[in-house]
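Here our numbering is used: position 35 in the sequence shown is 49, and no number is missing along the way. We put the CB at the ideal spot given by N, CA and C, even for glycine. Treat the numbers as computed from the prediction; the structure is a model and nothing was measured. Each remark here refers to the structure printed beneath this line.
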Amino acid sequence: MASLLDQMKKAGLVNEHKAKQAKKEKYQQTKKQQQGMSSSEKTPAELAAEAAAQKADKDRQLNLARQQQQAAKAKQAELKQILSVHGLSHYSGEQRFNFVDGTQVKTLAVNTKTHAGLVAGAIRIVRWEGRYVLVAAEQVDKINQRDDQVLIPLANEATADDGLSDEDREYYAKFAIPDDLVW
């Protein structure tokens, strides 16, 4: 009996070229299966596309990191400009103003007007590049938008969460301690 391929040739459904091509494809498919390769393995084109996608993802992440660095650098430049323009320059005097920076108590020698502004909260202290800059309280929002770590908290902000109950706070409020106490 003739093969199915011969029968299709006689019927005119398949020409010689298509028959050879089908036979070749079937041979290659069986050869792949014998070598242990399945049809689910990736072709070189798929591998190249996957590598290109990974490279694009890596480039996107690097670009995002670079943009974040540039944004941080721009914020620092804006902060530097705000402090140079709005920072108080003539504040030195004979009165001492003590404040807490982290865990250390620092002292600034200020004049009477500046001391009154610091006590009232109209003037704030900013830690910038290893030194302290005094700015008007109106600039606090602009500074906090750029970097919220540089602003030194006021004494009443620092002690707001001191672990005391409301009852204890009311009791201690009877014994007010002046902020401008000079020893």
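Handout entry: CB of Gln153 within 7 Å of CB of His104, strictly
Key = No, Cβ-Cβ distance for Gln153 and His104 is not below 7 Å.
Exercise for the section: Using a threshold of 7 Å, state whether the C-beta atoms of Leu178 and Trp142 are closer than that. Expected result: Not in contact: Leu178 and Trp142 (Cβ atoms no closer than 7 Å).
Problem - Endpoints, alpha helix (DSSP H) assigned at Ile137 - result: Unbroken run through Ile137 is the beta strand (DSSP E), Ile137 to Trp142; no alpha helix (DSSP H).
Problem - Segment limits, beta strand (DSSP E) that includes Val124 - result: Counted as a single uninterrupted DSSP element, the beta strand (DSSP E) harbouring Val124 occupies residues Gln118 to Val124.
Handout entry: According to DSSP, residues forming a beta bridge with Ala150
Key = Within the DSSP bridge table, the entry for Ala150 names Ile137 as partners.
Handout entry: Boundaries (first-last residue) of the beta strand (DSSP E) holding Asp115
Key = Asp115 -> beta strand (DSSP E) spans Gln109 to Asp115.
Practice task
Just mark Thr128 as buried or exposed, buried being the case when its beta carbon has 16 or more other beta carbons within 10 Å.
Solution key: With 16 or more other Cβ atoms within 10 Å, it is buried.
Handout entry: Nearest-angstrom Cα separation, counted from Tyr41 out to His31
Key = When the Cα atoms are used, His31 and Tyr41 turn out to be separated by approximately 15 Å.
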